[in-house]
Amino acid sequence: MDSLQVKKEVGDVEIVVNNAGAIYPADLLSTKDEEITKTFEVNILGHFWIIKALLPSMLRRNSGHIVTVASVCGHGVIPYLIPYCSSKFAAVGFHRALTAELETLGKTGIKTSCLCPVFVNTGFTKNPSTRLWPVLETSEVASSLIDGILTNKKMIFVPSYISISLVLEKFLPERALKAISRIQNIQFEAIVGHKTKMK
13 MDSLQVKKEV GDVEIVVNNA GAIYPADLLS TKDEEITKTF EVNILGHFWI IKALLPSMLR
73 RNSGHIVTVA SVCGHGVIPY LIPYCSSKFA AVGFHRALTA ELETLGKTGI KTSCLCPVFV
133 NTGFTKNPST RLWPVLETSE VASSLIDGIL TNKKMIFVPS YISISLVLEK FLPERALKAI
193 SRIQNIQFEA IVGHKTKMK
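Under my numbering, the letters of the sequence shown match residues 13 to 211, in that order.
In structure tokens, the structure reads:
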């Protein structure tokens, strides 16, 4: 469905949530080239095409809210998710750059938010578990997103305390970060050496 069809059927779009996502848990050498391409097409290029289609109407009205769905993986890295983490770093960058551009244009009526949850129980990542982070249900994330939109929050972390740990990462020594990673013990099914394992 293109932007003209959307406008014809529902009128001007006030809130855009770029929520499409792709993930292929595997080590880099086991990740197929087409999986890398698909990850970036869905997780970041899709944001460009949707916003380019719908932004002109928002600019004319100086009104709207753009939500970029990223991930905590857009701020930190997890092994066996290299394409996914890279695409989510790009999504966070897209949000920040778009926000700055709208401010420079004086379009203060167009708000932006970036949603960054930890693992969400969507079925895309099989058997995720961590010691320090919860595995979220989609309803929890949706509720946090709605609250973030209503309060015009720029960066929406779910759970909210994740933002504190990300700040600490900038100041803690490497040894401490490695210890936290071991305690965290993030696990999920991934293809490693072309075989499915819990990692």
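Backbone N, C-alpha and C fix where the C-beta goes; we use that ideal spot for every residue, glycine too.
Since the model is a prediction, treat every value here as computed from it, not as a measurement.
Please name the residue in S69, T116, L180 whose C-alpha comes closest to that of G12.
Not covered by the structure: residue 12. The range shown for the chain is 13 to 211.
Determine, using beta carbons only, whether I35 and L93 come nearer to each other than 8 Å.
yes
Tell me which residues share the same chain as F136 and place their Cβ nearer than 6 Å to its Cβ, disregarding the 5 neighbours each side in the sequence.
I35
In chain order, what residues of the same chain lie with their CB nearer than 6 Å to the CB of E149, ignoring the 5 residues before and after it?
N133
What did DSSP end up calling I90 once you bin it into helix, strand or coil?
coil
Grab the span of the alpha helix (DSSP H) containing L40 for me, first residue to last.
No alpha helix (DSSP H) holds L40; DSSP gives it neither H nor E.
Hey, could you find the ends of the beta strand (DSSP E) P140 is sitting in?
Counting along the chain, P140 falls outside any beta strand (DSSP E), and DSSP gives it neither H nor E.
Coil, strand or helix - S75 by DSSP:
coil
Between F131, L66, R108, H87, which has its C-alpha nearest I176's C-alpha?
H87
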